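Asks: Here it is, the structure, as structure tokens.
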Amino acid sequence: MRNTDFVVRFAGEGGGGLVTSAELLAQVTSQVGYHVKTFVTFPSQIMGGPTFAQARISTSPVLSYGDQLDVLVALDREAYNTHQSEVRDGGVIIYNAEDFQLEEDEKSFGMRIDELAKSTGNPRAANMVMLGAIAYLVNMPEHYLPEYVTKRFSRGRPGDEEIIKGNIMALSLGAEEAKKSGFSLGALEDPTPPSGEQLLIKGNDALAIGAIAAGLDVFVGYPISPATTVLVYMERNLTGPGKFVYQASSEIESINAILGAGFAGKKSMTSTAGPGLSLMSEGIGLAWMAEIPTVIIDVQRGGPATGLPTKVEQSDLLVAIHPAHGDVSIPVIAVGTVEECFTGAALALNWAERYQGPVIILSDHGLSEQAQNIPKPDLSKVIVENRKVYTGNNGYERYDGVDVSPMPVPGGPGAYIANGSEHDPIGDTTHLPNRHVDMTHRRFNKLDLLKDDNYERENQDESIAIMTWGGSKGPTREAYDIMMGENQKIGWYYTMQLNPLPPQLLEELKSKELVLIPELNYLGQFAMLLRAKGVNAESITQYTGTPFKVGDLVTRIKDRIASHKKGLVNV
Amino acid sequence: MRNTDFVVRFAGEGGGGLVTSAELLAQVTSQVGYHVKTFVTFPSQIMGGPTFAQARISTSPVLSYGDQLDVLVALDREAYNTHQSEVRDGGVIIYNAEDFQLEEDEKSFGMRIDELAKSTGNPRAANMVMLGAIAYLVNMPEHYLPEYVTKRFSRGRPGDEEIIKGNIMALSLGAEEAKKSGFSLGALEDPTPPSGEQLLIKGNDALAIGAIAAGLDVFVGYPISPATTVLVYMERNLTGPGKFVYQASSEIESINAILGAGFAGKKSMTSTAGPGLSLMSEGIGLAWMAEIPTVIIDVQRGGPATGLPTKVEQSDLLVAIHPAHGDVSIPVIAVGTVEECFTGAALALNWAERYQGPVIILSDHGLSEQAQNIPKPDLSKVIVENRKVYTGNNGYERYDGVDVSPMPVPGGPGAYIANGSEHDPIGDTTHLPNRHVDMTHRRFNKLDLLKDDNYERENQDESIAIMTWGGSKGPTREAYDIMMGENQKIGWYYTMQLNPLPPQLLEELKSKELVLIPELNYLGQFAMLLRAKGVNAESITQYTGTPFKVGDLVTRIKDRIASHKKGLVNV
Amino acid sequence: MSKKNPEYDFKWCPGCGDFGVKRALEMAVQQRNVELEMPMANTVVVAGIGCSGNIVHLYDGEQPFGLHGIHGRSLPISFGVKMANPDLNVVVVSGDGDFLSIGGEHIAPMAQRNLNVTAVVMDNGVYGLTKGQSSPTTDLGVITPTTPFGKLENSLNPLELYLTLGVSFVASGFSSKIKELTNLINQGMKHPGFSVVHVQSPCTTYNDTYDLLKGNAKKGIDATVHDVPESHDPSSKQAAYNLLQEEGIPLGVIYQRDESDPLDQRFNVMREKANARDLDRQIAAFQI
Amino acid sequence: MSKKNPEYDFKWCPGCGDFGVKRALEMAVQQRNVELEMPMANTVVVAGIGCSGNIVHLYDGEQPFGLHGIHGRSLPISFGVKMANPDLNVVVVSGDGDFLSIGGEHIAPMAQRNLNVTAVVMDNGVYGLTKGQSSPTTDLGVITPTTPFGKLENSLNPLELYLTLGVSFVASGFSSKIKELTNLINQGMKHPGFSVVHVQSPCTTYNDTYDLLKGNAKKGIDATVHDVPESHDPSSKQAAYNLLQEEGIPLGVIYQRDESDPLDQRFNVMREKANARDLDRQIAAFQI
Ligand SMILES: Cc1ncc(C[n+]2csc(CCOP(=O)(O)OP(=O)(O)O)c2C)c(N)n1
Ligand SMILES: Cc1ncc(C[n+]2csc(CCOP(=O)(O)OP(=O)(O)O)c2C)c(N)n1
Ligand code: SF4
Ligand code: SF4
Ligand SMILES: [Mg+2]
Ligand SMILES: [Mg+2]
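Residue numbers (this note's numbering), protein chains in the order written: chain Z, -11 to 559; chain H, -11 to 559; chain E, 124 to 411; chain A, 124 to 411.
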């Protein structure tokens, strides 16, 4: 084990147990100050089906899920077969000896997990048996787990004590088994606890909270993996006077409802995944044309069509920026970490208010399902922007001029017609060439309001740079850090603001010899867009439905740079 | 008057009269061997509203509508005010003296059109009065019009003779008025009649006929301007055993129905405009994913949203190639002339069959409404391709391998599941990374089958080239010819095949210093795509809802080239 | 807001039924404003795409807010507007194609929710704006540009549809009976829940049904429309069904649910009972 | 076609009603094949997205053709398949969300056309595949992840909806009564026109209604389902409406239109009467 960092995976037939185990491990360790990140993957089905959940625990901030496993808990033979090759040399496999038997080897030992759990009197303590064993293997201080268990199950109910006793017993039974196996992975170093309070939270919850923090009023959504949990969160928590949340009958209804709410003066939002985004195409075009603020979250999954509903991909970028017919260029914010889910959602609402139009947030399956520790957001520091509201007299020309103008709110002064046909200043339909020209300029001019120069950059003097986007940020950054440790000469750029791009960033990128873009899609979508803007960008693509591995990225980036230097490849 | 070429415009409140007049003029002149092109524009309303219709008549093939008017017939004052500035120096304006009066000037004369018509006993002969006047002005041989009228109204009915007499009288009354006015435009040269039989036909009818010629079986569409007439044509004419045509309840129904028909072994098609295309987004993604041949015609109009339903724009290119979430790249054929409507529709059906997936045809409002003389297509020369059909035994793996494979047809052998989720070889859902990788390769590999090197090129040694697309072909070519006449050094490229591009063409374009792309949209959509592919392309854009004027293009292209040569501008 | 911008170039054809509907709508809104002492600014007209939807641009006098969007989506838009601000008087104006064909999916959800908006549907049995194609209410066998050999589909009975879907106020009007229509639209606005006023509004250009609707003694045509009989009990769904089985088109209130609690009210009741957590407490729940 | 590809990883939960529906569907198709001496290759199963739609992958024995597309669109897809080749036996398999919510717009047009396909709708009153959210048939007040304080919408009565929309064959089945269900599906296939077999198919994971449907004497629960009484005249629409007003869920054929001419037949009759022009003559019409 790298004694600053370890990765444990639980694998078997789907069901809650695996996920709970990984999350428990993350909770326990984060509570004592470790940095954690979990990852879950499962088939698009309700019960059963090959599933795994893992947790990465580290003494310093965690950027990716971890390429290799230190510990694999394989609950059935299929899980063993599928995952064993990912266990690093020197790692350990705990397999479910009730399900299958292995020849003795230097890596694995069997444990009769359910039997041990039952022997404590609490058959549901199988989790604890596994955790006990893992704690022993990584030399976790003995008191962490029992303390956690005691705290968690002290709920002031009669049976509490017994449950706590059973669970602690299960922990030590697990530990004993691990001890008997003779395996050990060396001691995990003490954590340098993150400063300030921390949350352990998943991407979708963070998106929801970020939006609520920025003043969200109305949320209407239709269930779809992996976006459903945003809707579920809102249904429970978007409360208070004037707030409204609802499950729609389809995504076409969602988009039209939220643009209705945006027109009526409210901050509105929906969340969906690719198929829903495709259905919203026409409605998004209307919001752009009629200049109505609203926000669409797209939690990307594998595409096209129904695609791979429970796998990760970043292949909705092109359709997010140009979702509909006609000249549109929809602002897109791509969140890259759980923390950015919070800040990105708030920024999206602000953007929508500021430029008075639709904004799309791109997240992905990976972010949606990973729990991670992030600093507790300071609500007093969240910037909340509100649209310019028209407060003058009637007779207002809402669509006058080629810049953003105060927006009337129904019930108040300045009645006009928000129109999806080309329009005159009061919103009546017109076909005059000069109006179409002016209004087209107006719609595109407004994007200038979003060109904040917010981006990350490092080693900006290098002529070769890496710039990833969205959920590939973590692994790419980890790869970058490794290469920096090796004194490679590469610049780093990153922004959430994919459209419009921060202008200064774009200028810098244009001056590079080569910009490499790791992204999880086939077409190399972001690199395409950058090339169209004059950047010599090239993608490093992957389209397996799984996230990048850091090691792969390091190799591919280095190879690409080497061949570039040899002048072998040109775009 | 350029005595090889003249343009007549009829303008006034909407209604059939204007359009009929322009079309009559085109018919008469095309029958005696002139080349003609008409153009109509009207507001999105049923009756009334400012409308105009024009005809260009030329001794040689006509590429654009004509920038300037030789004759304007203004039926009311608004029409006069709107259009008079477009009459060239030395041109003539005939205005409706019953509606308004003008001070005397060197350009205009008034005519009491309706009154004259009524005096013939046939108040509906107003057209003929106007045509008579025009014929006089352009010195048209006197027998053309009477002969046409005689032929047209000899329908073997009792009243024929009287009608013919009345109309001929109206013609001469008009001619007399023109004579009295003292205006004249010099004689039109005799035509060099096109060789071979000709049709006078509009773009949408040509699209329909082209598709039928290539073996179309099933057409399902929903009305929308300017695509409705394709549906109307099909309803009347797509007949015969096994053929099916239907008006759907929405575009979502259309797209899903035609992909159902494509799956069932038929050649299927729909037609729509931007709003419908946006609604079809999800369905097109399904056809791509499940590998189902089908064709979507998008007759572009002004966008976004409801936009400008009766104006011309080329702003649906980006959404046509990438209409849906996930990695897709839909083949797109953009037709540029009425003749290409015929050939392009046939090619699209062939492409769909060949690569087994959806194909989009981009036409536009201009092409849909213009009547033009084109050579009568030789049906025996139309290439008709049919999909590879699977004829083996059951137990077939339809999605095996990464290349196109024979397609089973329901009722025949090889039952499989056409699946919009990622799938295994028999079409069952799977999430395995290697399957997603393989199937993604398969879907993109198939595009290689469409990379025919069909394109126009001239002066390919020049380092600066012009390449337009779609309906801007005519005016751009005319501009190019003018510049060639001035010995400018510019290359010419053109193809209907916008995606995938002919590979050899792409290579040539990449070797250019600068490729200029006249296109009717704001974003410069085609140039964006070309830059993403490594071509130094730059757009010459216009987004007025009207087609390019040749003179404007010449100026803008020259300016752009001049500034390029001064090194003032970079992309 | 002053109107009649010269740039606006849409006009209805002479005799189009929509003129009457426009007048009735203007008066019904006016009445409603007076009843509630409400400013015009509280009214939002959400329009579909079609000749009918253009009513929002042709509206005379003091102007309400308008939203003229995309084809078939006026109901879901109105849902967002109304629930964003339940104090607004939200009216949907739509055509038979817009409301019943491409937008047909949206009626059931609004009925199940009992959304408190009023939909005025101008039924001319044809797609007017796109020049005369068949619509869901076009009769079987009718010839149009897209059914050159006769329509193959049975026509839909919209009033029966609304009833079954659970629309809580269903009325039937005729564009030529402006006073009655005004009254129906006004009653629809008063009704606390989803109300649909389905109007026969003939298209003089593509489907002139005036003779058929009003009858024409000279041509020997009997009128199709007739008033809902006084004896009709609009609170009985069964009576409403029975009424619709009879010949002709009854004009008046077909059905009105007695106890109609609109969605905004349901939502508030629910929210008052629900235990809400403010954002601080929500965040605390994730605290490590 | 041999089945059970190890890569296919979907399974229904133990006890899921869809198992029974699958068995019934397999047998009904088998019967139909025998009746018409038709090969299995003539059957196409068009599936919606949901646990229910996965029936197409779990189908046992000789395999029909399948098309598993996108959420809510199985009806329009089946329309294209059927009209492309009316000889095919086209079956739609769908869930209550897929068929009645996002896909709800497609029922009316198919009914008006009397499209000759058979739709088997697995109603579990919940969105199964996305983990338990409310659907149009979920009852008012029910708590689900998206209605944490109780559903605010009235539930839809699908059988009544089908009747009103003019579906020409409407049947009601229960996944536990496999023999009866087989029979209903088979009758639907025989019916020349649009047939919907609406099946109570409980979701054991998110909405276990077995007790409620079958009754459970121990828990004092009366059964909700009961057979359509022998006296019921399925050719009477009025009788069908009346039947549906009664308590509980009747199982059997609710309605079957006597004279039912399916769209393909109407289309052929029309085409025979229409004067067709071949392509040469079409082109000649444009000749100068
Ligand atoms: C998505 C989309 N499809 C089609 C159209 C074209 N379209 C405009 S209005 C209309 C139908 C109008 O019929 P109806 O709703 O009955 O209104 P009417 O004009 O008869 O009042 C259609 C099909 C469109 N604007 N958008
Ligand atoms: C356009 C789109 N929206 C949403 C989804 C997500 N989704 C998949 S199945 C489903 C609902 C399933 O419910 P139902 O139709 O009742 O089928 P069941 O699983 O209950 O059998 C949803 C919302 C999707 N796949 N596509
Ligand atoms: S076409 Fe018909 S509906 Fe449209 S404005 Fe004219 S009369 Fe009215
Ligand atoms: S979730 Fe419900 S419907 Fe889906 S498989 Fe499980 S029991 Fe069946
Ligand atoms: Mg209509
Ligand atoms: Mg369900």
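The beta-carbon is built from N, C-alpha and C at its ideal position, and this holds for glycine as well. Just so we're clear, the structure is a prediction, and the values are computed from it rather than from any experiment.
Z/Ser259 and Z/Gly209 look like a contact to me (Cβ under 8 Å); what is the Cβ gap, rounded to whole Å?
Replies: 5 Å between Cβ atoms; contact.
Asks: Does ligand 1 have even one heavy atom less than 7 Å from the beta-carbon of E/Tyr333?
Replies: No - ligand 1 has no heavy atom lying nearer than 7 Å to the Cβ of E/Tyr333.
Asks: Return the chain-ordered ranges of every alpha helix (DSSP H) run that is complete within the region 245 to 299 of chain A and spans a minimum of 4 residues.
Replies: The region 245 to 299 of chain A contains these whole alpha helix (DSSP H) runs: 281 to 288.
Asks: Which class does H/Val323 belong to by DSSP, given the choice of helix, strand or coil?
Replies: It is coil, neither helix nor strand.
Asks: Give me the subset of the region 250 to 276 of chain H whose CB atoms are less than 9 Å from a CB atom of chain A, sorted by chain position.
Replies: Cβ contacts with chain A: Gly250, Phe251, Ala252, Gly253, Lys254, Ser256, Glu270, Gly271, Gly273, Leu274.
Asks: Have a look at the DSSP bridge pairing and note the partners of A/Ser118.
Replies: Given a span of 124 to 411 for chain A in the structure shown, any question on residue 118 of chain A remains unanswerable.
Asks: Would you say the beta carbon of E/Ser258 comes nearer than 7 Å to a heavy atom of ligand 5?
Replies: Answer for E/Ser258: yes, Cβ within range of ligand 5.
Asks: Assuming the contact rule is C-beta atoms closer than 8 Å, Z/Pro506 and Z/Ser451 should be a hit. Round their C-beta distance to whole Å, please.
Replies: Contact doesn't hold; Cβ gap of about 18 Å is too wide.
Asks: Hey, out of Z/Thr456, Z/Ala293, Z/Gln288, Z/Ala123, whose CA is closest to Z/Lys299's CA?
Replies: Z/Lys299 has its Cα closest to that of Z/Gln288, out of Z/Thr456, Z/Ala293, Z/Gln288, Z/Ala123.
Asks: Among Z/Ile240, Z/Val206, Z/Val75, Z/Val(-5), whose alpha-carbon lies nearest the alpha-carbon of Z/Ala123?
Replies: Nearest of Z/Ile240, Z/Val206, Z/Val75, Z/Val(-5) to Z/Ala123, Cα basis: Z/Val(-5).
Asks: Tell me whether Z/Leu494 is buried or exposed, calling it buried when 16 or more other Cβ atoms sit within 10 Å of its Cβ.
Replies: The residue in question, Z/Leu494, is buried, as its Cβ has 16 or more Cβ neighbours within 10 Å.
Asks: Can you tell me whether Z/Gln448 is buried or exposed, with buried defined as 16 or more other CB within 10 angstroms of its CB?
Replies: With fewer than 16 Cβ atoms within 10 Å of its Cβ, Z/Gln448 is classed as exposed.
Asks: At a cut of 8 Å, does the region 96 to 111 of chain Z reach the region 134 to 147 of chain Z through at least three beta carbon pairs?
Replies: No, they do not touch.
Asks: Using the beta-carbon count (16 or more within 10 Å), is Z/Asp315 buried or exposed?
Replies: Z/Asp315 comes out buried.
Asks: Please classify H/Leu13: is it buried, with 16 or more other beta-carbons within 10 angstroms of its beta-carbon, or exposed?
Replies: Burial call: buried.
Asks: Using a Cβ-based criterion (distance less than 7 Å to any ligand heavy atom), does E/Asn247 qualify as near ligand 1?
Replies: Correct: E/Asn247 has its Cβ closer than 7 Å to ligand 1.
Asks: Does DSSP put Z/Glu474 in a helix, a strand or coil?
Replies: Z/Glu474: coil per DSSP, three-state reduction.
Asks: Expressed to the nearest angstrom, what Euclidean distance is found between the alpha-carbon atoms of Z/Leu349 and Z/Gly54?
Replies: According to the sequence shown, residue 349 of chain Z is Ile rather than Leu. Cα-Cα distance, rounded: 26 Å.
Asks: Smallest Cα separation from A/Glu158: which of A/Gln310, A/Met233, A/Phe297, A/Asp334?
Replies: Of A/Gln310, A/Met233, A/Phe297, A/Asp334, the residue nearest in Cα terms is A/Gln310.
Asks: Excluding the five sequence neighbours on either side, which residues of its own chain have a C-beta within less than 6 Å of the C-beta of Z/Tyr136, listed in chain order?
Replies: Once the five neighbours on either side are set aside, the close Cβ partners of Z/Tyr136 are Val16.
Asks: Is E/Ile308 near ligand 1, going by C-beta to nearest heavy atom under 7 Å?
Replies: Checking the Cβ of E/Ile308 against ligand 1 gives no.
Asks: Which parts of the region 426 to 505 of chain Z are runs of the alpha helix (DSSP H), unbroken and 4 residues or longer, counting only runs that do not cross its ends?
Replies: If we require 4 residues or more, the alpha helix (DSSP H) runs fully inside the region 426 to 505 of chain Z come out as 461 to 473, 491 to 498.
Asks: Secondary structure at E/Gly173, three-state DSSP: helix, strand or coil?
Replies: If DSSP states are grouped into helix, strand and coil, E/Gly173 belongs with coil.
Asks: I need the boundaries of the alpha helix (DSSP H) containing H/Glu373, first residue and last residue.
Replies: Note, H/Glu373: premise wrong, no alpha helix (DSSP H); not H, not E.
Asks: Which bits of chain A does Z/Pro146 rub up against, with CB to CB less than 9 Å?
Replies: The premise fails here: Z/Pro146 is roughly 27 Å from chain A at the closest Cβ pair, so nothing lies under 9 Å.
Asks: Z/Pro134 by DSSP, collapsed to three states: which one?
Replies: Correct three-state label for Z/Pro134: helix.
Asks: With a threshold of 8 Å between beta carbons, is A/Lys126 in contact with chain Z?
Replies: Here the model assigns A/Lys126 a pLDDT of 48, short of 50, so the residue's position is not dependable and the matter cannot be decided.
Asks: When DSSP builds the beta bridges, which residues end up paired with H/Val233?
Replies: Looking at the DSSP assignment, H/Val233 forms a beta bridge with H/Phe207.
Asks: Listing by chain order, which chain A residues have their CB less than 8 Å from the CB of E/Arg380?
Replies: Under the 8 Å cutoff, chain A gives no residues; its nearest Cβ is about 11 Å from E/Arg380.
Asks: Using 8 Å as the threshold, is the region 367 to 382 of chain H in touch with the region 394 to 413 of chain H, meaning 3 or more CB pairs across them?
Replies: Touching, per the Cβ criterion.
Asks: Out of H/Gln19, H/Ala(-1), H/Phe30, state which residue places its alpha-carbon closest to the alpha-carbon of E/Phe133.
Replies: With distances taken between Cα atoms, E/Phe133 lies closest to H/Phe30.
Asks: Is any heavy atom of ligand 5 found at a distance shorter than 7 Å from the C-beta of E/Asp219?
Replies: Correct: E/Asp219 has its Cβ closer than 7 Å to ligand 5.
Asks: With 7 Å as the C-beta to C-beta threshold (strictly closer), list the residues of the region 392 to 410 of chain E near chain A in chain order.
Replies: Cβ contacts with chain A come from Met393, Lys396, Ala397.
Asks: Which bits of chain A does E/Asn330 rub up against, with CB to CB less than 8 Å?
Replies: Near E/Asn330 there are no residues of chain A at all, since even the closest Cβ is about 18 Å away, more than 8 Å.
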